[in-house]
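Asks: The structure that follows is given in the form of structure tokens.
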């Protein structure tokens with residue numbers, strides 16, 4: 011499936027939940043499959059923290075897909091693009107083509123930076139609804155997302171109940187708990203206190219707050235993985251040294267691994283506070299370095315704040331049952347047993363509130379070892395549940 | 011109980027596990043109670059990451075104790091200083107009076123900084139043993155510690171089996187798992203990449219890497235608390251604004267809380283990525299700020315690394331049963347159900363390995379809501395278990 015990113019420009023101001031507004035903006039999006047004649051087969055995919063509109067397929071010239079949900083979406087896949095017209099959209103404030111903090115504020119002629127308005131899940135849904143208007147799509151066969159994307163799917167059913175027939179909410183939650191907010195806050199502080207952040211106007215200084223982004227991403231990765239999978243993948247394994255040992259290192263004295271020497275786990279410790287000793291350290295540093303190369307620091311702040319703020323029950327005194335009363339869609343919820351970021355308990359809260367409202371709800375709790383990351387991985391039980399829901403329930407309506 | 015810190019100087023070099031050595035050093039310590047005539051009532055208390063030799067009691071002029079285990083140790087307390095002679099000692103490399111990275115290296119005349127040698131749990135135990143030698147104490151009635159302190163207590167029973175009659179190991183583990191190491195590594199990276207760190211020689215630059223220390227402490231605090239206690243204490247509660255609202259803030263427009271206005275939880279969001287919105291953010295920032303004022307950055311690196319490295323089963327191919335065979339002490343192990351940093355499962359591994367060796371082991375798993383922090387808190391069930399162990403088992407021998 012060869013795909014092409016597209017861009018839609020909006021010249022009407024978008025009023026935001028904060029009271030601010032964005033005068034004009036662009037959304038990057040992609041579509042897969044064909045919209046049918048009565049425009050009834052559209053499926054909107056909402057992305058999570060660091061993902062984009064590039065959900066599936068390959069760009070011209072690529073050998074393999076870099077789409078973040080390519081296991082899920084495509085011809086013959088659980089969300090079958092031979093049958094459904096699938097739309098991926100990059101959210102406002104993100105950094106993959108839609109208008110964001112790295113763009114020029116038309117009101118000032120200056121790059122937005124920290125002045126980009128705070129956007130919420132509800133704002134993203136409103137922007138996505140406008141994209142559907144522009145594409146001539148009234149009602150979605152389904153809206154679907156994992157994690158923060160699941161929050162958007164849930165919010166769709168509340169903001170536009172008549173435009174959504176089904177919602178698929180994966181590894182998500184009705185709001186963040188204190189621990190979730192705490193991790194977001196540490197990540198934000200790491201970015202904001204990086205001297206290269208320059209109050210969010212680092213673009214003008216020709217810098218990137220990479221130190222902060224690295225820390226933010228390392229923290230994120232810890233929370234994406236389960237304790238068990240981390241122990242299984244990395245455990246206490248030492249990293250095999252890749253550089254020649256210095257003459258006064260224990261490695262040079264024959265005590266540790268050299269080519270053909272003992273396995274890394276049997277080598278001596280390096281006894282260093284800064285060198286990479288354990289494989290888990292190497293993994294995290296690598297993830298941090300990669301992330302700092304491509305992700306925008308202001309976007310990280312905005313998106314983690316959108317996560318913090320999402321709380322549909324808040325205007326209803328915390329009563330989720332009352333909050334979800336407007337939803338009329340059919341629902342599939344999926345959670346993963348070892349996900350401690352958005353635990354099954356949080357999905358069950360949504361299930362319960364929907365059942366209180368006598369809504370159609372299917373719920374699958376997948377016994378997966380990988381933690382929150384499981385929602386992006388290829389687990390046949392998980393993919394089969396989604397496939398079945400789309401083939402029978404979504405397609406039937 | 012009024013107490014006074016004392017200092018013992020050691021002029022014999024201490025050989026370290028890494029192969030390096032420390033030529034001369036000082037240990038800060040305190041004692042509570044009276045050593046009996048046959049010197050059989052000494053109890054050594056080992057401290058965890060950010061604690062010190064000041065375990066209990068008050069310094070002259072203080073109204074209340076700042077001792078980190080004052081609930082546990084003192085006249086009539088679980089470790090009763092009317093009966094036992096209790097010793098608190100600050101570890102080598104720490105920053106509360108014992109020789110550490112902020113002191114001058116006698117070999118170079120320069121402040122150690124990052125050149126302070128890496129010290130391990132085993133090195134600390136060796137240094138503590140020398141302190142006992144200097145105090146004329148051959149055998150400890152008990153060695154006791156929580157968390158990293160518990161690792162030292164366990165190591166005492168392996169390094170000096172004949173000098174320890176009992177070991178009390180609280181909220182500890184036989185080694186760190188991958189997730190523990192991961193959190194340590196993120197904290198270390200935050201410190202090391204702070205421009206004010208200056209390769210660990212910040213003393214000479216008149217700076218302190220406070221940004222990094224703050225992040226490190228915030229991460230630590232998240233892992234010390236259970237998810238449940240965080241939700242109960244902070245939940246999604248918003249912070250009441252303490253500063254006058256700016257004219258263009260929603261607060262100034264009557265939408266939010268002012269004195270006598272609605273409760274903080276009912277105020278509007280501030281819609282800001284940098285201002286403190288939630289109480290949990292305020293709590294973490296405060297903890298980070300406090301810590302950065304008093305804790306040494308190089309000490310943080312050293313102590314987290316000592317945690318990473320501790321793994322008595324490592325020389326035995328990971329077989330903890332074989333590793334613990336040399337221990338002859340009686341053991342009390344205590345864990346807390348909601349401690350996800352050092353979970354009960356890890357304590358049970360130690361219990362199992364000791365039972366494999368037919369050692370005397372008592373084990374209490376306390377159903378406490380506070381997470382890892384519980385080991386420092388006043389829980390009658392926990393304190394009573396320790397009291398009982400000391401009054402009967404330790405005192406009887």
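Protein chains in written order, with our numbering: chain D, 11 to 407; chain C, 11 to 407. Cβ atoms here follow ideal geometry from the backbone N, Cα and C, with glycine treated the same way.
1) Per DSSP, which one or two residues make a beta bridge with residue 176(C)?
2) Can you find a CB in chain C that lies within less than 8 Å of the CB of residue 302(D)?
3) Start and end of the alpha helix (DSSP H) containing residue 39(C)?
4) With a threshold of 8 Å between beta carbons, is residue 205(C) in contact with chain D?
5) Let me see if you follow: with CB-CB separation under 8 Å, is residue 115(D) close to chain C or not?
6) Per DSSP, which one or two residues make a beta bridge with residue 55(D)?
7) Along the stretch 168-196 of chain C, where does the CB come closer than 7 Å to a CB of chain D? Name the residues.
8) Between residue 359(C) and residue 366(D), what straight-line distance do the alpha-carbon atoms span, to the nearest angstrom?
9) For residue 31(D), list the residues DSSP reports as bridge partners.
10) Please decide whether residue 410(C) counts as near chain D, where near means a Cβ-Cβ distance under 8 Å.
11) Counting only C-beta atoms, is residue 128(C) closer than 8 Å to chain D at any point?
12) Who are the Cβ neighbours of residue 217(C) in its own chain at under 6 Å, not counting the five residues just before and after it?
13) Can you pull the chain D neighbours of residue 160(C), defined as C-beta to C-beta under 7 Å?
14) Please name the residue, chosen from 123(C), 148(C), 80(C), that lies closest to residue 42(C) on a Cα-to-Cα basis.
15) When the cut-off is 8 Å and only beta carbons count, does residue 284(C) lie next to chain D?
16) Within this structure, are the beta carbons of residue 322(C) and residue 339(C) separated by less than 8 Å?
17) Measuring only the C-alpha atoms, how far is residue 329(D) from residue 166(D)?
18) Would residue 291(D) pass as an interface residue toward chain C - the criterion being a Cβ-Cβ separation below 8 Å?
19) Measuring CA to CA, which of 320(D), 26(D), 54(D) is closest to residue 185(D)?
20) Identify each residue in the stretch 50-75 of chain C for which the Cβ-Cβ distance to at least one residue of chain D is less than 8 Å, and report them in chain order.
21) Would you call residue 380(D) buried or exposed, if buried means 16 or more other Cβ atoms sit within 10 Å of its Cβ?
22) What are the boundary residues of the beta strand (DSSP E) that residue 197(C) is part of?
23) Can you find a CB in chain D that lies within less than 8 Å of the CB of residue 267(C)?
24) Which residues mark the beginning and the end of the beta strand (DSSP E) in which residue 226(C) is found?
25) Answer yes or no: does any C-beta atom of chain C fall closer than 8 Å to that of residue 112(D)?
26) What's the C-alpha gap between residue 324(C) and residue 288(D)?
27) So residue 312(C) contacts chain D; which residues on that side make the cut at Cβ distance below 9 Å?
28) To which residues of the same chain is residue 7(C) closer than 6 Å at the C-beta, ignoring the five residues directly before and after it?
29) Please report the distance separating the alpha-carbon of residue 154(D) from that of residue 369(C).
30) Can you tell me the Cα-Cα spacing of residue 219(C) and residue 212(C), whole angstroms?
31) Mind checking whether the beta-carbon of residue 377(D) lies closer than 7 Å to any heavy atom of the ligand MG?
32) Using a cut-off of 8 Å between C-beta atoms, extract the partners of residue 224(C) located in chain D.
33) How should residue 377(C) be labelled, buried or exposed, when 16 other C-beta atoms within 10 angstroms of its C-beta is the threshold for buried?
34) In angstroms with no decimal places, state the Cα-to-Cα distance between residue 202(C) and residue 24(C).
35) Whole-angstrom Cβ separation of residue 382(C) and residue 181(C), contact assumed at under 8 Å?
36) Please identify the residue among 291(D), 199(D), 209(D) whose C-alpha is closest to the C-alpha of residue 223(D).
Replies: Once the coordinates are examined:
1) Position 166 of the second chain, counted from the first residue, corresponds to residue 176(C). Per DSSP, 340(C).
2) Working through the first chain from its first residue, we reach residue 302(D) at position 292. Taking 8 Å as the CB threshold, residue 302(D) stays off the interface with chain C.
3) One-based indexing of the second chain puts residue 39(C) at position 29. Element bounds for residue 39(C): not the alpha helix (DSSP H) but the beta strand (DSSP E), 35-42.
4) By 1-based counting over the second chain, the position of residue 205(C) is 195. Yes, its Cβ sits closer than 8 Å to a Cβ of chain D.
5) Your numbering for residue 115(D) matches position 105 in the first chain. Judged by the 8 Å Cβ criterion, residue 115(D) is not in contact with chain C.
6) Within the first chain, numbered from 1, the residue matching residue 55(D) stands at position 45. DSSP links residue 55(D) through a beta bridge to 98(D), 154(D).
7) For the stretch 168-196 of chain C, which is checked against every Cβ of chain D, the residues closer than 7 Å are 185, 187, 188, 189, 191, 192, 193, 195, 196.
8) Position 349 of the second chain, counted from the start, is the residue given in the question as residue 359(C). Position 356 of the first chain, counted from the start, is the residue given in the question as residue 366(D). If you draw a straight line from the Cα of residue 359(C) to the Cα of residue 366(D), it is about 44 Å long.
9) Position 21 of the first chain holds residue 31(D). Answer by DSSP bridge pairing, in chain order: 25(D).
10) The requested residue 410(C) does not occur in the structure, where chain C is confined to residues 11 to 407.
11) Locating residue 128(C) in the second chain gives position 118, where the first residue counts as 1. For residue 128(C), at least one C-beta of chain D is nearer than 8 Å to its own C-beta.
12) By one-based count along the second chain, residue 217(C) stands at place 207. Hits under 6 Å: 206.
13) Mapped onto the second chain, residue 160(C) falls at position 150. The premise fails here: residue 160(C) is roughly 18 Å from chain D at the closest Cβ pair, so nothing lies under 7 Å.
14) Translated into positions along the second chain, residue 42(C) becomes position 32. Of the candidates 123(C), 148(C), 80(C), 80(C) places its Cα closest to the Cα of residue 42(C).
15) Position 274 of the second chain holds residue 284(C). By this cut-off, residue 284(C) is an interface position.
16) Mapped onto the second chain, residue 322(C) falls at position 312. Mapped onto the second chain, residue 339(C) falls at position 329. Result no, Cβ atoms of residue 322(C) and residue 339(C) do not sit closer than 8 Å.
17) Counting from one through the first chain, the residue named residue 329(D) turns up at place 319. Counting from one through the first chain, the residue named residue 166(D) turns up at place 156. Answer to the nearest angstrom: the Cα atoms are 18 Å apart.
18) By 1-based counting over the first chain, the position of residue 291(D) is 281. With 8 Å as the cut-off, residue 291(D) counts as an interface residue toward chain C.
19) The residue you call residue 185(D) lines up with position 175 of the first chain. Selected option, being the one with the closest Cα: 320(D).
20) Listed in sequence order: no entries.
21) For the purposes of this step, residue 380(D) is taken as the residue at position 370 of the first chain. The residue in question, residue 380(D), is buried, as its Cβ has 16 or more Cβ neighbours within 10 Å.
22) Here residue 197(C) refers to the residue found at position 187 when the second chain is read from its first residue. That residue, residue 197(C), is in no beta strand (DSSP E); its alpha helix (DSSP H) goes 188-202.
23) For this step, residue 267(C) is matched to residue 257 along the second chain. With a pLDDT of 37 at residue 267(C), under the threshold of 50, the modelled position of this residue cannot be trusted, and the question is left open.
24) In the second chain, residue 226(C) corresponds to position 216, counting from 1. Segment 220-234 is the alpha helix (DSSP H) holding residue 226(C); no beta strand (DSSP E) there.
25) Position 102 of the first chain, counting from 1, holds the residue named residue 112(D). Interface annotation, residue 112(D): not in contact with chain C, CB-CB separation never under 8 Å.
26) As a working note, residue 324(C) is residue 314 in the second chain. As a working note, residue 288(D) is residue 278 in the first chain. Straight-line spacing of the CA atoms in residue 324(C) and residue 288(D) works out to 14 Å.
27) On the second chain, position 302 is the one that residue 312(C) refers to. Residues of chain D whose Cβ lies closer than 9 Å to the Cβ of residue 312(C) are, in chain order, 283.
28) Residue 7(C) cannot be examined here, being either before or after the span of chain C that is shown, 11 to 407.
29) Translated into the one-based positions of the first chain, residue 154(D) becomes position 144. Translated into the one-based positions of the second chain, residue 369(C) becomes position 359. Rounded to whole angstroms, residue 154(D) and residue 369(C) show a C-alpha spacing of 56 Å.
30) For the purposes of this step, residue 219(C) is taken as the residue at position 209 of the second chain. For the purposes of this step, residue 212(C) is taken as the residue at position 202 of the second chain. Taking the straight line joining both Cα atoms gives about 8 Å.
31) With respect to the ligand MG, the structure offers nothing, as it holds no ligand at all.
32) Taking the first residue of the second chain as 1, we reach residue 224(C) at position 214. In chain order: 199, 203.
33) Your numbering for residue 377(C) matches position 367 in the second chain. Flag for residue 377(C) reads exposed.
34) Numbered from 1 along the second chain, position 192 holds the residue referred to as residue 202(C). Numbered from 1 along the second chain, position 14 holds the residue referred to as residue 24(C). So the two alpha carbons sit approximately 27 Å from each other.
35) For the purposes of this step, residue 382(C) is identified with residue 372 of the second chain, where counting begins at 1. For the purposes of this step, residue 181(C) is identified with residue 171 of the second chain, where counting begins at 1. At roughly 6 Å, the Cβ-Cβ gap stays under 8 Å, so residue 382(C) and residue 181(C) are in contact.
36) Within the first chain, numbered from 1, the residue matching residue 223(D) stands at position 213. The shortest C-alpha separation from residue 223(D) is found at 199(D).
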